[in-house]
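*Asks:* Residue numbers (the working numbering): 6 to 356.
Okay, handing you the structure first.
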(Lines of atoms letter the chains of each structure in order from A and count residues from 1; the text may use other names and numbers.)
(Lines give C-alpha, C1' and ligand atoms only; values in the text may rest on other atoms or scores of the structure.)
Protein backbone atom coordinates (compact mmCIF):
# COMPACT_ATOMS: atom_id res chain seq x y z
CA UNK A 1 0.00 0.00 0.00
CA UNK A 2 1.16 3.49 -0.84
CA UNK A 3 -0.27 6.44 1.09
CA UNK A 4 0.17 10.19 1.02
CA UNK A 5 -0.39 12.28 4.16
CA UNK A 6 -1.17 16.01 3.96
CA UNK A 7 -2.77 18.58 6.23
CA UNK A 8 -3.43 22.31 6.61
CA UNK A 9 -3.83 23.08 2.93
CA UNK A 10 -5.88 26.15 3.93
CA UNK A 11 -7.64 26.66 0.62
CA UNK A 12 -9.09 30.17 0.55
CA UNK A 13 -6.31 31.70 2.63
CA UNK A 14 -4.60 34.88 1.42
CA UNK A 15 -1.17 34.86 3.10
CA UNK A 16 0.68 38.13 3.75
CA UNK A 17 -2.39 40.33 3.55
CA UNK A 18 -1.50 43.91 2.76
CA UNK A 19 1.37 42.92 0.45
CA UNK A 20 1.06 43.11 -3.36
CA UNK A 21 1.32 39.34 -3.83
CA UNK A 22 -1.38 38.29 -1.33
CA UNK A 23 -4.19 37.76 -3.83
CA UNK A 24 -1.85 35.89 -6.16
CA UNK A 25 -0.92 33.54 -3.33
CA UNK A 26 -4.56 32.64 -2.70
CA UNK A 27 -4.78 31.40 -6.30
CA UNK A 28 -1.40 29.75 -6.00
CA UNK A 29 -2.52 27.59 -3.05
CA UNK A 30 -5.40 26.27 -5.15
CA UNK A 31 -3.07 25.65 -8.08
CA UNK A 32 -0.64 23.80 -5.83
CA UNK A 33 -3.39 21.52 -4.51
CA UNK A 34 -4.65 20.71 -8.02
CA UNK A 35 -1.10 19.79 -9.04
CA UNK A 36 -0.76 17.64 -5.93
CA UNK A 37 -3.89 15.66 -6.83
CA UNK A 38 -2.34 15.08 -10.25
CA UNK A 39 0.75 13.72 -8.47
CA UNK A 40 -1.49 11.36 -6.48
CA UNK A 41 -2.85 10.05 -9.78
CA UNK A 42 0.59 9.67 -11.37
CA UNK A 43 1.99 7.77 -8.37
CA UNK A 44 -1.10 5.52 -8.18
CA UNK A 45 -1.55 6.25 -4.50
CA UNK A 46 -3.87 3.82 -2.69
CA UNK A 47 -4.76 6.06 0.26
CA UNK A 48 -4.78 9.84 0.67
CA UNK A 49 -4.94 11.04 4.29
CA UNK A 50 -6.02 14.66 4.91
CA UNK A 51 -5.51 15.54 8.59
CA UNK A 52 -7.74 18.62 8.87
CA UNK A 53 -7.95 22.25 7.70
CA UNK A 54 -8.33 21.50 4.02
CA UNK A 55 -9.98 24.94 3.94
CA UNK A 56 -8.97 28.09 5.77
CA UNK A 57 -12.61 28.80 6.71
CA UNK A 58 -16.10 27.43 6.14
CA UNK A 59 -16.04 26.48 2.44
CA UNK A 60 -18.58 27.62 -0.12
CA UNK A 61 -20.65 25.04 -1.99
CA UNK A 62 -18.88 25.83 -5.28
CA UNK A 63 -15.51 25.25 -3.58
CA UNK A 64 -16.63 21.91 -2.16
CA UNK A 65 -17.88 20.93 -5.62
CA UNK A 66 -14.50 21.75 -7.15
CA UNK A 67 -12.72 19.68 -4.50
CA UNK A 68 -15.05 16.77 -5.09
CA UNK A 69 -14.43 16.98 -8.84
CA UNK A 70 -10.70 16.69 -8.15
CA UNK A 71 -11.26 13.71 -5.86
CA UNK A 72 -13.56 11.96 -8.33
CA UNK A 73 -10.80 12.22 -10.96
CA UNK A 74 -8.66 9.79 -8.89
CA UNK A 75 -11.19 6.98 -8.25
CA UNK A 76 -8.39 4.46 -7.61
CA UNK A 77 -7.39 6.44 -4.49
CA UNK A 78 -9.36 6.21 -1.27
CA UNK A 79 -9.48 9.63 0.40
CA UNK A 80 -10.02 9.84 4.16
CA UNK A 81 -10.31 13.25 5.79
CA UNK A 82 -11.30 15.06 8.95
CA UNK A 83 -12.26 18.67 9.69
CA UNK A 84 -9.90 20.86 11.72
CA UNK A 85 -10.52 24.02 13.71
CA UNK A 86 -10.55 26.26 10.62
CA UNK A 87 -13.04 24.23 8.57
CA UNK A 88 -14.86 22.71 11.53
CA UNK A 89 -18.26 21.06 11.05
CA UNK A 90 -20.60 23.98 11.63
CA UNK A 91 -24.30 22.93 11.60
CA UNK A 92 -24.62 24.55 8.16
CA UNK A 93 -21.31 23.23 6.86
CA UNK A 94 -21.27 22.35 3.16
CA UNK A 95 -19.17 19.34 4.10
CA UNK A 96 -22.19 17.71 5.75
CA UNK A 97 -24.75 18.46 3.05
CA UNK A 98 -22.73 17.45 0.01
CA UNK A 99 -22.96 14.15 -1.86
CA UNK A 100 -19.33 13.12 -2.09
CA UNK A 101 -17.65 10.90 -4.66
CA UNK A 102 -17.68 7.18 -3.65
CA UNK A 103 -13.91 7.23 -3.00
CA UNK A 104 -14.22 9.98 -0.35
CA UNK A 105 -14.61 8.94 3.29
CA UNK A 106 -15.36 11.54 5.95
CA UNK A 107 -14.64 10.77 9.61
CA UNK A 108 -17.20 13.36 10.65
CA UNK A 109 -18.09 12.35 14.21
CA UNK A 110 -17.28 13.93 17.56
CA UNK A 111 -15.91 10.65 18.89
CA UNK A 112 -13.28 8.56 17.16
CA UNK A 113 -14.69 6.31 14.47
CA UNK A 114 -13.08 4.23 11.78
CA UNK A 115 -13.34 3.03 8.21
CA UNK A 116 -11.94 -0.33 7.04
CA UNK A 117 -10.60 -1.04 3.56
CA UNK A 118 -10.43 -4.82 2.99
CA UNK A 119 -8.41 -4.57 -0.23
CA UNK A 120 -5.71 -2.62 1.63
CA UNK A 121 -6.11 -4.52 4.91
CA UNK A 122 -6.09 -1.09 6.52
CA UNK A 123 -8.34 0.68 9.00
CA UNK A 124 -8.26 4.47 9.46
CA UNK A 125 -9.54 6.11 12.64
CA UNK A 126 -10.29 9.75 13.39
CA UNK A 127 -12.75 12.44 14.45
CA UNK A 128 -13.63 15.95 13.31
CA UNK A 129 -13.83 19.35 14.96
CA UNK A 130 -17.30 20.72 15.62
CA UNK A 131 -16.04 24.00 17.06
CA UNK A 132 -12.89 26.10 16.80
CA UNK A 133 -11.46 24.91 20.10
CA UNK A 134 -11.48 21.41 21.59
CA UNK A 135 -9.60 21.20 24.89
CA UNK A 136 -10.19 17.54 25.82
CA UNK A 137 -7.36 15.04 25.09
CA UNK A 138 -9.62 12.97 22.85
CA UNK A 139 -6.84 10.81 21.38
CA UNK A 140 -5.46 9.61 24.73
CA UNK A 141 -7.86 6.68 25.00
CA UNK A 142 -8.23 5.70 21.36
CA UNK A 143 -6.98 2.19 20.58
CA UNK A 144 -7.35 0.20 17.37
CA UNK A 145 -8.99 -3.20 17.27
CA UNK A 146 -6.61 -6.11 17.39
CA UNK A 147 -7.73 -7.55 14.04
CA UNK A 148 -4.40 -8.02 12.28
CA UNK A 149 -4.73 -5.11 9.85
CA UNK A 150 -2.67 -1.95 9.43
CA UNK A 151 -4.01 0.80 11.72
CA UNK A 152 -3.83 4.54 11.02
CA UNK A 153 -5.03 7.41 13.19
CA UNK A 154 -5.91 10.80 11.68
CA UNK A 155 -5.31 13.40 14.41
CA UNK A 156 -5.55 17.19 14.30
CA UNK A 157 -4.24 19.26 17.18
CA UNK A 158 -1.59 18.91 19.82
CA UNK A 159 -1.80 22.07 21.92
CA UNK A 160 -3.87 23.15 24.93
CA UNK A 161 -6.85 24.44 22.97
CA UNK A 162 -6.76 21.98 20.07
CA UNK A 163 -6.98 18.41 21.41
CA UNK A 164 -3.84 18.08 23.57
CA UNK A 165 -1.69 15.05 22.74
CA UNK A 166 0.26 12.92 25.21
CA UNK A 167 3.22 11.57 23.21
CA UNK A 168 3.82 8.68 25.60
CA UNK A 169 0.22 7.49 25.39
CA UNK A 170 0.27 7.93 21.63
CA UNK A 171 3.39 5.78 21.37
CA UNK A 172 1.63 2.96 23.27
CA UNK A 173 -1.71 3.27 21.46
CA UNK A 174 -1.14 0.43 19.01
CA UNK A 175 -1.40 2.46 15.79
CA UNK A 176 1.20 1.75 13.14
CA UNK A 177 0.95 5.30 11.77
CA UNK A 178 -0.49 8.56 13.11
CA UNK A 179 -1.11 11.25 10.47
CA UNK A 180 -1.19 14.57 12.29
CA UNK A 181 -2.32 18.05 11.31
CA UNK A 182 -2.46 21.54 12.86
CA UNK A 183 1.23 22.51 12.80
CA UNK A 184 2.41 23.96 9.49
CA UNK A 185 5.95 22.61 9.62
CA UNK A 186 6.73 18.93 9.08
CA UNK A 187 8.05 17.30 12.23
CA UNK A 188 8.25 14.05 14.16
CA UNK A 189 5.98 13.47 17.15
CA UNK A 190 6.84 9.81 17.82
CA UNK A 191 9.75 8.36 15.87
CA UNK A 192 8.76 5.91 13.10
CA UNK A 193 5.10 6.32 14.00
CA UNK A 194 3.55 9.80 14.36
CA UNK A 195 4.29 12.82 12.18
CA UNK A 196 3.01 16.25 11.26
CA UNK A 197 3.09 16.53 7.49
CA UNK A 198 3.02 20.33 7.68
CA UNK A 199 1.21 22.45 5.12
CA UNK A 200 1.71 21.91 1.40
CA UNK A 201 2.58 25.60 1.00
CA UNK A 202 4.10 28.01 3.55
CA UNK A 203 1.34 30.26 4.85
CA UNK A 204 2.99 32.86 7.10
CA UNK A 205 6.41 34.31 7.81
CA UNK A 206 7.07 31.90 10.68
CA UNK A 207 6.58 28.90 8.36
CA UNK A 208 10.29 28.59 7.64
CA UNK A 209 11.91 25.79 5.69
CA UNK A 210 10.58 23.41 3.02
CA UNK A 211 6.91 22.39 2.88
CA UNK A 212 5.33 19.33 1.34
CA UNK A 213 3.78 15.98 2.18
CA UNK A 214 4.64 12.59 3.65
CA UNK A 215 4.79 9.52 1.43
CA UNK A 216 4.44 6.10 3.00
CA UNK A 217 4.90 2.57 1.67
CA UNK A 218 3.66 -0.47 3.56
CA UNK A 219 4.74 -3.96 2.44
CA UNK A 220 2.81 -7.21 2.73
CA UNK A 221 4.22 -7.78 6.22
CA UNK A 222 3.09 -4.40 7.54
CA UNK A 223 6.56 -2.89 7.47
CA UNK A 224 6.46 0.81 6.73
CA UNK A 225 8.87 3.21 5.06
CA UNK A 226 8.09 6.91 5.07
CA UNK A 227 9.74 10.04 3.71
CA UNK A 228 9.01 13.73 3.60
CA UNK A 229 8.62 15.02 0.03
CA UNK A 230 9.24 18.76 -0.55
CA UNK A 231 6.49 20.27 -2.68
CA UNK A 232 6.27 24.06 -2.36
CA UNK A 233 8.33 26.13 -4.78
CA UNK A 234 8.47 29.08 -2.39
CA UNK A 235 9.85 29.39 1.12
CA UNK A 236 9.97 32.02 3.85
CA UNK A 237 13.66 32.65 4.40
CA UNK A 238 15.53 34.65 7.02
CA UNK A 239 18.18 36.89 5.50
CA UNK A 240 20.58 37.92 8.31
CA UNK A 241 22.70 41.01 7.76
CA UNK A 242 25.59 41.88 10.08
CA UNK A 243 26.44 45.58 10.18
CA UNK A 244 29.71 47.19 11.27
CA UNK A 245 30.69 50.79 12.01
CA UNK A 246 31.69 51.26 8.37
CA UNK A 247 28.50 49.67 7.01
CA UNK A 248 26.38 52.04 4.91
CA UNK A 249 22.88 52.08 3.49
CA UNK A 250 24.33 51.27 0.07
CA UNK A 251 26.15 48.27 1.57
CA UNK A 252 22.84 47.05 2.99
CA UNK A 253 21.02 47.36 -0.34
CA UNK A 254 23.84 45.68 -2.22
CA UNK A 255 23.97 42.71 0.15
CA UNK A 256 20.18 42.26 0.21
CA UNK A 257 19.99 42.38 -3.59
CA UNK A 258 22.85 39.91 -4.06
CA UNK A 259 21.42 37.36 -1.63
CA UNK A 260 17.92 37.53 -3.09
CA UNK A 261 19.28 37.16 -6.62
CA UNK A 262 21.30 34.13 -5.51
CA UNK A 263 18.64 32.34 -3.44
CA UNK A 264 15.70 33.16 -5.71
CA UNK A 265 13.25 36.00 -6.19
CA UNK A 266 10.32 33.58 -5.84
CA UNK A 267 10.91 33.27 -2.08
CA UNK A 268 9.70 35.53 0.74
CA UNK A 269 12.33 37.17 2.92
CA UNK A 270 12.66 38.35 6.50
CA UNK A 271 15.63 40.72 6.65
CA UNK A 272 17.09 40.98 10.15
CA UNK A 273 19.93 43.50 10.56
CA UNK A 274 22.19 43.03 13.57
CA UNK A 275 25.54 44.31 14.79
CA UNK A 276 26.63 47.93 15.19
CA UNK A 277 26.46 51.05 13.04
CA UNK A 278 27.75 54.56 12.82
CA UNK A 279 25.15 56.80 14.55
CA UNK A 280 25.13 59.04 11.48
CA UNK A 281 24.02 56.16 9.25
CA UNK A 282 20.29 55.58 8.83
CA UNK A 283 19.16 52.56 6.82
CA UNK A 284 16.45 53.06 4.20
CA UNK A 285 14.56 49.92 5.17
CA UNK A 286 11.61 50.45 2.83
CA UNK A 287 14.01 50.97 -0.06
CA UNK A 288 15.12 47.34 0.26
CA UNK A 289 11.68 46.12 -0.80
CA UNK A 290 12.46 46.86 -4.43
CA UNK A 291 14.68 43.78 -4.61
CA UNK A 292 12.12 41.07 -3.85
CA UNK A 293 9.24 39.78 -1.75
CA UNK A 294 10.16 41.15 1.67
CA UNK A 295 7.63 40.44 4.42
CA UNK A 296 9.71 41.83 7.25
CA UNK A 297 12.73 44.08 7.61
CA UNK A 298 13.98 44.91 11.08
CA UNK A 299 16.94 46.96 12.24
CA UNK A 300 18.38 45.62 15.51
CA UNK A 301 21.75 47.37 15.21
CA UNK A 302 23.33 49.27 18.07
CA UNK A 303 24.71 52.75 17.33
CA UNK A 304 28.30 53.24 18.47
CA UNK A 305 28.13 56.56 20.32
CA UNK A 306 31.07 58.52 21.69
CA UNK A 307 29.42 59.34 25.00
CA UNK A 308 32.31 61.53 26.21
CA UNK A 309 32.05 63.66 23.08
CA UNK A 310 28.26 63.85 23.29
CA UNK A 311 28.41 64.99 26.91
CA UNK A 312 31.04 67.64 26.19
CA UNK A 313 28.95 69.00 23.32
CA UNK A 314 25.62 68.99 25.13
CA UNK A 315 26.50 70.12 28.64
CA UNK A 316 23.33 70.47 30.68
CA UNK A 317 20.79 70.40 27.88
CA UNK A 318 18.18 67.68 27.65
CA UNK A 319 20.42 65.27 25.72
CA UNK A 320 23.28 65.62 28.21
CA UNK A 321 21.00 65.11 31.19
CA UNK A 322 19.44 62.07 29.51
CA UNK A 323 22.82 60.39 29.01
CA UNK A 324 23.94 61.11 32.58
CA UNK A 325 20.70 59.60 33.87
CA UNK A 326 21.85 56.20 32.55
CA UNK A 327 25.47 56.43 33.63
CA UNK A 328 24.89 55.04 37.10
CA UNK A 329 26.27 51.52 36.61
CA UNK A 330 25.83 48.44 34.46
CA UNK A 331 22.79 48.65 32.19
CA UNK A 332 20.31 45.90 31.45
CA UNK A 333 19.42 45.14 27.83
CA UNK A 334 16.14 47.03 28.26
CA UNK A 335 17.97 50.06 29.67
CA UNK A 336 20.45 49.99 26.79
CA UNK A 337 17.59 49.94 24.30
CA UNK A 338 15.98 52.89 26.06
CA UNK A 339 19.28 54.82 26.13
CA UNK A 340 19.97 54.35 22.42
CA UNK A 341 16.37 55.00 21.38
CA UNK A 342 16.29 58.19 23.44
CA UNK A 343 19.59 59.47 22.06
CA UNK A 344 18.42 58.75 18.50
CA UNK A 345 15.19 60.64 19.08
CA UNK A 346 16.88 63.62 20.72
CA UNK A 347 19.55 63.86 18.02
CA UNK A 348 16.83 63.74 15.35
CA UNK A 349 15.08 66.59 17.15
CA UNK A 350 18.33 68.61 17.16
CA UNK A 351 18.78 67.98 13.45
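Where a beta carbon is used, it is the ideal one built from N, C-alpha and C, also for glycine.
Look at the alpha carbon of residue 225 and the alpha carbon of residue 103, and state the distance between them as a whole number of angstroms.
*Replies:* 36 Å
*Asks:* Please list the segments of the alpha helix (DSSP H) lying wholly inside the segment 232-291, counting only runs of 4 or more residues, in order along the chain.
*Replies:* 254-268
*Asks:* Drop a sphere of 10 angstroms on the beta-carbon of residue 243, count the other beta-carbons inside from all chains shown, and report buried for 16 or more, exposed for fewer.
*Replies:* exposed
*Asks:* Between which two residues does the beta strand (DSSP E) holding residue 10 run?
*Replies:* 7-11
*Asks:* Quick one: is residue 61 buried, meaning 16 or more other Cβ sit within 10 Å of its Cβ, or exposed?
*Replies:* buried
*Asks:* Going by CA-CA distance only, name the one from 223, 82 and 169 that's closest to residue 232.
*Replies:* 223
*Asks:* Can you tell me which of the three DSSP states residue 308 falls into?
*Replies:* strand
*Asks:* For a minimum of 3 consecutive residues, which ranges assigned as the beta strand (DSSP E) are wholly contained in the segment 87-153?
*Replies:* Runs found: 109-111, 118-122 and 127-131.
*Asks:* Do you know how far the Cα of residue 188 is from the Cα of residue 216?
*Replies:* 11 Å
*Asks:* So which of 289, 353, 90 and 190 has the shortest CA-CA distance to residue 138?
*Replies:* 90
*Asks:* Measure the beta-carbon distance from residue 48 to residue 7 and round it to whole angstroms, keeping in mind my assumption that it falls under 8 Å.
*Replies:* The beta-carbon distance between residue 48 and residue 7, rounded to whole angstroms, is 7 Å. This is short enough to meet the 8 Å contact definition.
*Asks:* Taking all protein chains shown into account, decide if residue 240 is buried (16 or more other Cβ within 10 angstroms of its Cβ) or exposed.
*Replies:* buried
*Asks:* Kindly list the residues whose CB is nearer than 8 Å to the CB of residue 195, restricted to its own chain and excluding five residues on each side of it in sequence; keep chain order.
*Replies:* 172, 175, 176 and 183
*Asks:* For residue 40, report the span of its beta strand (DSSP E) as first-last.
*Replies:* From DSSP, residue 40 is part of no beta strand (DSSP E) but of the alpha helix (DSSP H) over 27-47.
*Asks:* Can you tell which of 141, 145 and 308 has its C-alpha closest to the C-alpha of residue 286?
*Replies:* When each option's Cα is compared against that of residue 286, the closest is 308.
*Asks:* Counting C-beta neighbours from all protein chains within 10 Å, is the total for residue 298 16 or more, i.e. buried, or is it exposed?
*Replies:* buried
*Asks:* So which of 51, 149, 71 and 52 has the shortest CA-CA distance to residue 17?
*Replies:* 71
*Asks:* Cβ of residue 280 within 7 Å of Cβ of residue 306?
*Replies:* One thing to note: residue 280 has its Cβ within 7 Å of the Cβ of residue 306.
*Asks:* In this structure, how does DSSP classify residue 1 when only helix, strand and coil are distinguished?
*Replies:* The requested residue 1 is not part of the displayed model; the chain covers only 6 to 356.
*Asks:* In or out: residue 330 buried (at least 16 other Cβ within 10 Å) or exposed?
*Replies:* exposed
*Asks:* Using only CA atoms, which one of 155, 296 and 284 lies nearest to residue 258?
*Replies:* 296
*Asks:* Give the single residue among 191, 229 and 169 whose Cα lies nearest to the Cα of residue 212.
*Replies:* 191
*Asks:* Since residue 351 contacts residue 323 with CB under 8 Å, what's their CB separation in whole angstroms?
*Replies:* Contact flag correct, Cβ pair sits at about 6 Å.
*Asks:* Report the residue ranges of all alpha helix (DSSP H) runs contained in full by the segment 45-82; include only those spanning at least 4 residues, in chain order.
*Replies:* Every unbroken stretch of the alpha helix (DSSP H) spanning 4 or more residues and falling wholly within the segment 45-82 is given here in chain order: 66-77.
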